[in-house]
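Novice: Mind having a look at this structure? Questions to follow.
Protein chains: 2
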Amino acid sequence: MTDPAPRHRVPTDVRTPFSTPWLTVREALTGTGAGPGDRWYYLDHPGCALVLPVTEQGEVLLVRSWRIAVRQWCVEAPAGRCEPGETPEQTARRELREETGAHGGTFRSLGSVWPSSGTSNELVHLFVAHGVRPGPAEPDPGEVLHLHPLPVRKAVAMAAGGELRDAPTALALLLAEHQGALDHGGGR
Amino acid sequence: MTDPAPRHRVPTDVRTPFSTPWLTVREALTGTGAGPGDRWYYLDHPGCALVLPVTEQGEVLLVRSWRIAVRQWCVEAPAGRCEPGETPEQTARRELREETGAHGGTFRSLGSVWPSSGTSNELVHLFVAHGVRPGPAEPDPGEVLHLHPLPVRKAVAMAAGGELRDAPTALALLLAEHQGALDHGGGR
């Protein structure tokens with residue numbers, strides 16, 4: 765990974781051809797601006813944080829969320845966009861509380877991944893949390909979601925079998941399992 | 765997953781506020797169109813196919829791709845957008861040939877996942893292929909990438925350790941390992 769950046773593919777200018785408070789499109793110009801691939805459109809995204817909240821009872825507090833973009837209910841870990849000034853862990857704790865009502869717990873990072881680096885600069889920060897405590901959920905008015913707790917082992921088996929179709933959630937579960945982060949307070 | 769769709773979150777109208785040949789933004793209106801969350805913006809994406817190409821020598825033919833959106837070199841499996849009329853496997857075979865020059869092989873599906881269902885309807889179809897044969901690469905003129913073969917075990921270990929930051933690639937490797945699809949022609 766010591767290769768230098770390819771000079772003809774480093775943006776010389778970045779424009780904003782479309783923007784709303786919820787979604788921003790950037791247009792990067794590279795090379796001469798007129799050759800093949802000299803114009804690249806992508807979402808400018810503030811990043812997300814996701815957490816696998818594990819209870820003392822060995823359940824992971826997933827949610828079923830209605831996703832307008834795909835017109836489906838998706839089983840996912842609590843997650844959401846990073847707000848200005850938040851660390852990724854703060855985002856994860858806020859989303860955990862808003863979406864499930866749970867709070868507290870010991871957080872451990874599972875790393876950060878790009879879900880779709882061809883079309884977005886979104887970076888998803890993955891966490892597992894142990895010892896979270898239940899409480900009343902406070903979802904955003906625009907969100908439609910329900911708590912969907914699963915035994916940890918069942919959630920991992922569903923991820924491994926391709927039954928959990930939210931890529932960051934499935935990846936977080938398999939990473940946490942590989943890193944010994946799902947049992948007894950994260951194996952520490 | 766037998767819940768009905770929430771009526772106030774099923775789009776009653778979908779507009780296209782921004783479109784280029786490479787990226788399309790939809791605006792879905794739900795509910796009254798004026799309440800919180802009644803307006804949702806997302807990318808309308810044709811879907812992608814990704815393949816883990818495993819050679820007879822036990823290497824997986826990854827690529828290092830320069831990603832303009834994140835200004836970085838990313839280690840990824842060959843992947844790309846589904847073109848009209850293609851099946852996901854046809855897309856994966858085309859991208860394999862274009863990006864690595866390899867062709868042929870026995871393909872096996874690892875399932876399909878949403879990388880970012882909050883902001884895009886992109887669905888990524890994951891495959892593993894065994895017995896692919898080398899050949900000269902034919903990358904798109906706009907793409908900058910290099911072949912980056914890794915021993916299968918090393919690639920899985922890197923994914924499990926959080927070293928491969930492309931989420932679909934890391935997930936495909938961990939799914940393939942869990943499903944016994946990496947050894948000896950996919951375990952069949």
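If you read the sequences in order, they're chains A and B. The first sequence runs 765 to 952 under the working numbering. The second sequence runs 765 to 952 under the working numbering. Virtual Cβ for every residue (Gly too), placed ideally from N, Cα, C.
1) Look at the Cβ atom of Gly944(A), then the Cβ atom of Gly926(B), and state whether they are nearer than 8 Å.
2) For the alpha helix (DSSP H) that contains Thr796(A), what are its first and last residues?
3) Taking only runs of the alpha helix (DSSP H) that begin and end inside the stretch 837 to 886 of chain A, which ones reach a length of at least 4 residues, in chain order?
4) Below 8 Å, how does it come out for the stretch 914 to 930 of chain A and the stretch 823 to 835 of chain A: are there three or more Cβ pairs, yes or no?
5) Tell me which residues share the same chain as Pro817(B) and place their Cβ nearer than 6 Å to its Cβ, disregarding the 5 neighbours each side in the sequence.
6) Go ahead and label Gly849(B) buried or exposed: buried means 16 or more other beta carbons lie within 10 angstroms of its beta carbon, across all protein chains shown.
7) Considering only the beta carbon of each residue, do Pro900(B) and Leu909(B) sit closer than 8 Å?
8) Quick check: the Cα distance between Leu793(A) and Cys812(A), rounded to an integer number of angstroms?
9) Excluding the 5 residues flanking Val778(B) on each side, which residues of the same chain have their C-beta closer than 8 Å to its C-beta?
10) Leu937(B) and Ala934(A) - do their beta-carbons sit closer together than 8 Å?
11) Just the Cα atoms here: how many angstroms apart are Gly797(A) and Pro770(A)?
12) Relative to chain B, which residues along the stretch 883 to 901 of chain A have a C-beta separation below 9 Å, given in chain order?
13) In the DSSP assignment, find the beta strand (DSSP E) that holds Ala813(A) and state where it starts and stops.
14) Determine, using beta carbons only, whether Pro932(A) and Ala841(B) come nearer to each other than 8 Å.
15) Sorted by chain position, which residues of the same chain lie with C-beta nearer than 6 Å to Gly795(B)'s C-beta, five sequence neighbours on each side aside?
16) Identify whether Pro932(B) lies in helix, strand or coil by the three-state DSSP scheme.
17) Helix, strand or coil for Ala893(B) per DSSP?
18) For Leu946(A), which of helix, strand or coil comes out of DSSP?
19) For Ala924(B) versus His889(A), is the C-beta spacing smaller than 8 Å?
20) What number of angstroms, rounded off, separates the C-alpha of Gln836(B) from the C-alpha of Asp808(B)?
21) Measuring straight from C-alpha to C-alpha, what distance separates Val815(B) and Thr855(B)?
22) Who are the near neighbours of Pro915(A) in its chain, counting only those whose CB is closer than 7 Å to its CB and skipping five residues on each side?
23) His910(B) by DSSP, collapsed to three states: which one?
24) To the nearest angstrom, report how far apart His912(B) and Cys838(B) are at their CA atoms.
25) Any C-beta of chain A within less than 8 Å: which residues of the stretch 854 to 877 of chain B qualify?
26) At the 8 Å Cβ level, is Cys838(A) part of the contact set with chain B, yes or no?
27) My understanding is that Pro810(B) touches Cys846(B), with C-beta atoms under 8 Å, so please give their C-beta distance in whole angstroms.
28) If we count the other Cβ atoms within 10 Å of its Cβ and call it buried at 16 or more, is Pro905(A) buried or exposed?
29) Beta-carbon of Arg773(B) versus every beta-carbon of chain A: anything under 8 Å?
30) Name the residues in the stretch 909 to 936 of chain A whose C-beta lies less than 7 Å from a C-beta of chain D; which are they?
31) Classify Glu820(A): buried if its beta carbon has 16 or more other beta carbons within 10 angstroms, exposed otherwise.
32) Taking Cβ-Cβ distances shorter than 8 Å, what residues in chain B pair up with Val956(A)?
33) For the beta strand (DSSP E) containing Val778(B), name the first residue and the last one.
34) Is the separation between the beta-carbon of Trp786(A) and that of Ile832(B) shorter than 8 Å?
35) Any idea which residues DSSP pairs Trp786(A) with across the strands?
36) Leaving out five residues on either side along the sequence, give the residues of the same chain with a beta carbon under 7 Å from the beta carbon of Gly951(B).
Specialist: If we stick to the structure as given:
1) no
2) That residue, Thr796(A), is in no alpha helix (DSSP H); it is neither H nor E in DSSP.
3) 852 to 864
4) yes
5) Leu825, Leu860, Ala866, Ala893 and Val896
6) exposed
7) no
8) 26 Å
9) Arg790, Glu791, Ala792 and Leu793
10) no
11) 15 Å
12) Thr883, Ser884, Asn885, Glu886, Leu887, Val888 and Leu890
13) Cys812 to Val818
14) no
15) His772 and Asp802
16) helix
17) strand
18) coil
19) no
20) 25 Å
21) 10 Å
22) Gly822 and Glu823
23) strand
24) 10 Å
25) Leu874, Gly875, Ser876 and Val877
26) yes
27) 5 Å
28) exposed
29) yes
30) Protein chains A and B are contained in the structure displayed, whereas chain D is not.
31) exposed
32) Lying before the first or after the last residue shown, residue 956(A) is absent from chain A, which here runs from 765 to 952.
33) Asp777 to Ser783
34) no
35) Partner(s): none; Trp786(A) has no beta bridge.
36) Unreliable positioning characterises Gly951(B) in this predicted model, as indicated by a pLDDT of 41, which lies under 50. A coordinate reading is not provided.
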